[in-house]
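Reviewing the structure listed below.
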Ligand SMILES: [Zn+2]
């Protein structure tokens, strides 16, 4: 791969990036990127709150999405394939195959902690499921990572008023090597901790109390989760012995939310745990009473060698262009909390069932449809990185890629990150999705965590954005179980995926993979 010169980067990418860098309330361009809006596809007037909050860069990209003129190299979809996609959509709405798959996975395997015995059992389940569903090719791709284990965990307040806390060790944390007891010092936010003096922190347990806010697109997660990812090393840099955080979650149910820490190699590694929202409230009331709070933590967790898991892949082989691939999927792993029904059993089931809709209709796509169930997303996107690195020379062969990894809520928006010459095809796809209650979105799609590296290497991606209003009530907790999934919502997801995947696979033309998209903007949601 050569580094693209300025001449080989599409003009629209330069314009979007350039404007995104300078766009702000004072500098919004009068004529965004020079694109002429087409009256036939004017942006709808009923913007949601999330859309109103979109950044200027988003809006510029949205304008770009809506504003291309058909040109000779425009990617198009044949009306006969539109009709087939509509039939796939309607058949999927009346089908419960995804829910049956998800019930099977969560009941017969359960949680899928990377490197645990359930990791191996989940792979066996996935291979058997792909074969039973009739996929043409089923294979594994090895993914090796450090194995993290959780044996036991307890956190309690010992003074001034003893309470057992509902707590969990954060993913990837070191253990406490037996009970660790210390005074707790409270900070409202990570920023407050960053501004603290060493004298205030040294020798103590740091508690960060920030609360995540609820939003349909999960916009509250990014700002809140920094306390979990960066908190341990910032506290350690000030001499803290351990970190406690309020769970990164939106429910007041008494469940603690796990998830990865990200240690700074320059700092000592200190143990880190989260406590449930009600326990965090209780702890804060003790601070409000001016009391010195002593906590005892006992975390028997840590790393233990390496483990080789696998991405499990099922394919429907394309009839005309078998080397070209529509890549979809979810991540097969989960935390060892609940049964990983929402995160991400649902995404695996949705994408497997969507491809299966095409098989059971007796259809044969032009291009190959590849469903990837990624290994160990939770602890560092291990499966997604291996998938992309193994295909560095095959980016152009990816027609497009998209992952389902935001629970089981209904899809409400269709985002893409494609070349302008394919906007017309995206509009055609959107028209098939619209009866499902799905809006046309932005051209800054993220594509899902496991396609991050593939996207960075220049693959076109899409996102079928799910309603995540309740997702972070259950995310990474013991409460992530099958009863949280509405079968009708899951079928709506499958309907959208089946239709979109068919249309991507059949399109006359490509969506821009390997043509400079690596420089286009994307929004990580
Ligand atoms: Zn996930």
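Residue numbers (my numbering): 1408 to 1932. C-beta: ideal position from N, C-alpha, C; glycine also. Bear in mind the structure is a predicted one, so any value in this text is a computation, not a measurement.
- Residue state for residue 1650 is assigned as strand, using DSSP reduced to three classes.
- Nearest C-alpha to residue 1688 among 1724, 1867 and 1663: 1663.
- Taking one beta carbon from each stretch, the segment 1603-1619 and the segment 1571-1582 have fewer than 3 pairs nearer than 8 Å; the two do not touch.
- In the displayed model, residue 1921 falls within coil according to three-state DSSP, outside both helix and strand.
- Summarising the contact set, residues whose Cβ lies nearer than 5 Å to any heavy atom of ligand 1 are, in chain order, 1750, 1751 and 1812.
- Inter-residue distance for residue 1527 and residue 1716 is about 7 Å (C-alpha atoms, whole angstroms).
- Residue 1643 and residue 1602 have their C-alpha atoms roughly 14 Å apart.
- Judged by DSSP in its simplified three-state form, residue 1670 adopts coil rather than helix or strand.
- According to the DSSP assignment, residue 1560 belongs to no alpha helix (DSSP H) but to the beta strand (DSSP E) extending over 1544-1566.
- Counting along the chain, no beta strand (DSSP E) covers residue 1480, and no H or E run does either.
- Per DSSP, residue 1742 lies in no beta strand (DSSP E) and is assigned neither H nor E.
- Among the bridge pairs identified by DSSP, residue 1571 is matched with 1563.
- Its Cα nearest to that of residue 1728, the residue 1771 stands out among 1764, 1865, 1771 and 1781.
- In this structure, residue 1897 and residue 1809 do not form a Cβ contact; the two beta carbons are roughly 17 Å apart against a cut-off of 8 Å.
- At a Cβ-Cβ threshold of 8 Å, residue 1840 and residue 1906 count as neighbours.
- The DSSP-derived three-state label of residue 1837 is helix.
- Here residue 1775 carries a strand assignment [DSSP, helix/strand/coil].
- Contact check between the segment 1816-1827 and the segment 1729-1746: fewer than three CB pairs, one atom from each, fall below 8 Å, which does not count as touching.
- A Cβ-Cβ distance of about 41 Å is found for the pair residue 1659 and residue 1547, leaving them out of contact under the 8 Å criterion.
- Residue 1741 counts as buried, since no fewer than 16 other beta carbons sit within 10 angstroms of its beta carbon.
- By a beta-carbon distance limit of 8 Å, residue 1876 does not contact residue 1656. Their separation comes to about 13 Å.
- With respect to the 8 Å criterion, residue 1500 and residue 1760 are not classified as neighbours on the basis of their beta carbons.
- For residue 1925, the closest C-alpha among the options 1803, 1889, 1813 and 1893 is that of 1803.
- In the three-state reduction of the DSSP assignment, residue 1598 falls in the helix class.
- By the Cβ test, the segment 1788-1799 is in contact with the segment 1844-1861, since at least three Cβ pairs between them sit closer than 8 Å.
- Annotation for residue 1489: the continuous alpha helix (DSSP H) segment containing it runs 1486-1500.
- Rounded to the nearest whole angstrom, the CA to CA distance from residue 1696 to residue 1650 is 22 Å.
- With the rule of 3 Cβ pairs closer than 8 Å, the segment 1829-1843 counts as touching the segment 1483-1502.
- In the three-state reduction of the DSSP assignment, residue 1680 falls in the strand class.
- By a beta-carbon distance limit of 8 Å, residue 1892 contacts residue 1815. Their separation comes to about 4 Å.
- Listed as beta-bridge partners of residue 1506 by DSSP are no residues whatsoever.
- Shortest Cα-Cα distance from residue 1653 to any of 1680, 1640 and 1667 involves 1680.
- Residues of the same chain with a CB within less than 8 Å of the CB of residue 1597, apart from the 5 flanking positions on each side, are 1615, 1617, 1633, 1634, 1637, 1638 and 1641 in chain order.
- Note on residue 1514: under 16 other CB atoms within 10 angstroms of its CB, so exposed under the neighbour-count rule.
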